[in-house]
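Protein chains in written order, with the numbering used here: chain A, 127 to 192; chain B, 302 to 552.
For each residue, glycine too, the CB sits at the ideal point set by N, CA and C.
Keep in mind that this is a model prediction, so the values were computed, not measured.
Everything on this sheet refers to the single structure shown next.
Structure follows, in C-alpha cells:
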C-alpha cells in the first residue's frame, strides 16, 4: 500500500504503525508530533494506530524560527 | 526593582522575548540568547526531513529558556490550529505564538483567519499569544476572545523599519488589559526602547539580533533598551513643549 509521508509517496507494508513511520523518518526521540489525515495522533497511540492505504502522514519537529 | 512581566499567570524577569530564526549557527544563537537575558523564545514547527537544523530544543533546555512554539508559515485558521496542536503534542506546552499571515511579500497577519484561529485555540485550552496588525480594533477583539497577550507589529517581519505607527501602538497599550508585546519590525535598540516607552509590556524580536553584525552585542543592547524603555515609562516622561524652558535659575 502507499501513503504520503511528509509530502513524499512511500510504499509501506499493510498494517504499518505510526510509530514505525516515525522511526523510518529518523525522527529524534523528543520534540516530535504526528498528524494523520489532518488530525494529531497522540504519542500514546503511535504504536496502535495503523496508517491506512492513501493516508497522509506529517511528522513534525521544532526548528529555529520566529 | 521588582517588576515582573506576567503572562497567563507565569512570571518572567525579562521583558525581552526572542526568536531563534536567522542565526548563523547554534553557537552564535547561544551567545545571543544568553546576552539577551530572555526567558521565553520562539521555535517553528517543520517536517522532520526538511528540518535541516536541529538541536535548538536541547539548547533552550540547557539554558533554562521556555519554549514558545509559533505557527509561522500558516495561511489559514485551520492550518494554524493543527500546527498549534502538533506543537502542543511535540513540546508539551499549551502556549502558542499564533501567526496567520496573508502573503509572502508582506507577511502581514490575515485578520479574519487570525481572529478565527485565536478563538478556536482559546476554546481548545491554549494560551494564545497572537501576532497581529497594529490595529487597535483587532487587538481589542483578540483580547475579547481570550488571548493572553496581543502582539502588534511595529512594521513587517524582518524589515527593521521600527515602529511605523507609534500612535496606534499607544492606542492599543492604553486600553489593553492583557500585556502588549511589540512583535516584528524592530531594527535597533532605540526601536525596542520606544516600544516600552509607548506602554508595551515586552518586546519580541529575532532578526534584529540574529542578523546583526555582532548578534551577541546587539542582544545585550536590546536587553538594556527594553530595561531603559520600561524604566522611562514607569518614571513618567516630561510633557513636550514648543518653547524652551530654562533649567538653570535666572541671573
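Practice problem: Please list, in chain order, all residues of the same chain as residue 161/A whose beta carbon is under 6 Å from its beta carbon, the five residues on each side excluded. | Solution: As a working note, residue 161/A is residue 35 in the first chain. Closer than 6 Å at the Cβ level, and outside the excluded window around residue 161/A, lie 184.
Self-check item: Runs of alpha helix (DSSP H) wholly within the segment 478-513 of chain B (minimum 4 residues, chain order)
Solution: If you keep only unbroken alpha helix (DSSP H) runs of at least 4 residues inside the segment 478-513 of chain B, you get 490-498 and 508-511.
Quiz item: DSSP on residue 367/B, reduced to helix/strand/coil?
Solution: What you label residue 367/B is simply residue 66 of the second chain in a count that begins at 1. Three-state result, residue 367/B: strand.
Quiz item: Hey, is the segment 455-468 of chain B in contact with the segment 413-430 of chain B, meaning 3+ C-beta pairs nearer than 8 Å?
Solution: Segments in contact, no.
Quiz item: Leaving out five residues before and five after residue 384/B in sequence, what residues of the same chain have Cβ atoms less than 6 Å from its Cβ?
Solution: Mapped onto the second chain, residue 384/B falls at position 83. For residue 384/B, where only same-chain residues beyond five positions count, the Cβ hits under 6 Å are 346, 372 and 375.
Quiz item: Residues of chain A with CB under 7 Å from residue 391/B, in chain order?
Solution: Your numbering for residue 391/B matches position 90 in the second chain. Result: 157, 158, 159, 186, 187 and 188.
Quiz item: Is it true that the segment 473-490 of chain B meets the segment 449-461 of chain B, where meeting means three or more beta-carbon pairs spaced less than 8 Å apart?
Solution: Yes, they touch.
Quiz item: Below 8 Å, can you find three or more Cβ-Cβ pairs linking the segment 507-521 of chain B to the segment 323-337 of chain B?
Solution: At 8 Å Cβ cutoff, the stretches touch.
Quiz item: Rounded C-beta distance between residue 308/B and residue 480/B? I'm assuming under 8 Å.
Solution: To locate residue 308/B, count along the second chain from 1; it is residue 7. To locate residue 480/B, count along the second chain from 1; it is residue 179. Indeed, because the Cβ distance is near 6 Å, the residues count as touching under 8 Å.
Practice problem: Please report how far the alpha carbon of residue 187/A lies from the alpha carbon of residue 506/B, in whole angstroms. | Solution: As a first step, residue 187/A is located in the first chain; it is residue number 61 there, counting from the start. As a first step, residue 506/B is located in the second chain; it is residue number 205 there, counting from the start. Each residue's Cα considered, the two are about 22 Å apart.
Self-check item: For residue 312/B, the residue or residues it bridges with in DSSP
Solution: Numbered from 1 along the second chain, position 11 holds the residue referred to as residue 312/B. Residue 312/B is bridged by DSSP to 307/B.
Practice problem: State buried or exposed for residue 526/B, treating a residue as buried only when at least 16 other CB atoms are found within 10 Å of its CB. | Solution: Reading the second chain from its first residue, position 225 is the one you call residue 526/B. So residue 526/B counts as buried.
Quiz item: Using a C-beta to C-beta distance shorter than 7 Å, which residues of chain A count as neighbours of residue 343/B?
Solution: Within the second chain, numbered from 1, the residue matching residue 343/B stands at position 42. Chain A residues near residue 343/B: 191 and 192.
Quiz item: Is residue 442/B helix, strand or coil by DSSP?
Solution: The residue labelled residue 442/B in the question sits at position 141 within the second chain. Looking at residue 442/B - three-state DSSP - the assignment turns out to be helix.
Self-check item: Unbroken beta strand (DSSP E) run spanning residue 431/B, endpoints
Solution: Locating residue 431/B in the second chain gives position 130, where the first residue counts as 1. Note, residue 431/B: beta strand (DSSP E), 428-433.
Quiz item: For residue 322/B versus residue 191/A, is the C-beta distance shorter than 7 Å?
Solution: Working through the second chain from its first residue, we reach residue 322/B at position 21. Working through the first chain from its first residue, we reach residue 191/A at position 65. Yes, the pair counts as a contact, with Cβ atoms nearer than the cut-off.
Quiz prompt | Buried or exposed (CB count within 10 angstroms, at least 16 for buried), residue 544/B | solution = Mapped onto the second chain, residue 544/B falls at position 243. Residue environment: residue 544/B is assigned as exposed (fewer than 16 neighbouring CB atoms within 10 Å of its CB, all protein chains considered).
Practice problem: Could you tell me which chain A residues have their CB closer than 7 Å to the CB of residue 350/B, listed as they occur along the chain? | Solution: Working through the second chain from its first residue, we reach residue 350/B at position 49. Listed along the chain, the chain A residues whose CB falls inside 7 Å of the CB of residue 350/B are 132 and 151.
Practice problem: Report the neighbours of residue 321/B on chain A: residues whose CB is nearer than 8 Å to its CB, in chain order. | Solution: For the purposes of this step, residue 321/B is identified with residue 20 of the second chain, where counting begins at 1. Chain order gives the chain A residues near residue 321/B as 190, 191 and 192, where near means a beta carbon separation below 8 Å.
Quiz prompt | Contact list for residue 453/B against chain A, beta-carbon separation under 7 Å | solution = Indexing the second chain from 1 puts residue 453/B at position 152. What residue 453/B touches in chain A, judged by beta-carbon distance under 7 Å, is nothing: the nearest beta carbon there is about 16 Å away.
Quiz item: Excluding the five sequence neighbours on either side, which residues of its own chain have a C-beta within less than 6 Å of the C-beta of residue 520/B, listed in chain order?
Solution: Here residue 520/B refers to the residue found at position 219 of the second chain. The beta carbon of residue 520/B is closer than 6 Å to those of 333, 336, 337 and 510 in its chain, skipping five residues each way along the sequence.
Practice problem: Compare the C-alpha of residue 553/B against each of 403/B, 441/B and 409/B and name the closest. | Solution: Given that chain B is displayed from residue 302 to residue 552, the structure contains no residue 553/B and the question cannot be resolved.
Self-check item: residue 342/B, enclosing beta strand (DSSP E) - first and last residue
Solution: Your numbering for residue 342/B matches position 41 in the second chain. In this chain, the beta strand (DSSP E) harbouring residue 342/B covers 341-348.
Self-check item: Three-state secondary structure assigned by DSSP to residue 453/B
Solution: For the purposes of this step, residue 453/B is taken as the residue at position 152 of the second chain. Assignment of residue 453/B by DSSP, reduced to helix, strand and coil, places it in the strand class.
Quiz item: Of all the beta strand (DSSP E) runs that stay within the bounds of the segment 392-431 of chain B, which reach a length of 3 or more residues?
Solution: Taking only runs of at least 3 residues, the beta strand (DSSP E) segments lying wholly in the segment 392-431 of chain B are 396-399.
Quiz item: Should residue 398/B be labelled buried (16 or more other beta-carbon atoms within 10 Å of its own) or exposed?
Solution: One-based indexing of the second chain puts residue 398/B at position 97. Burial call: buried.
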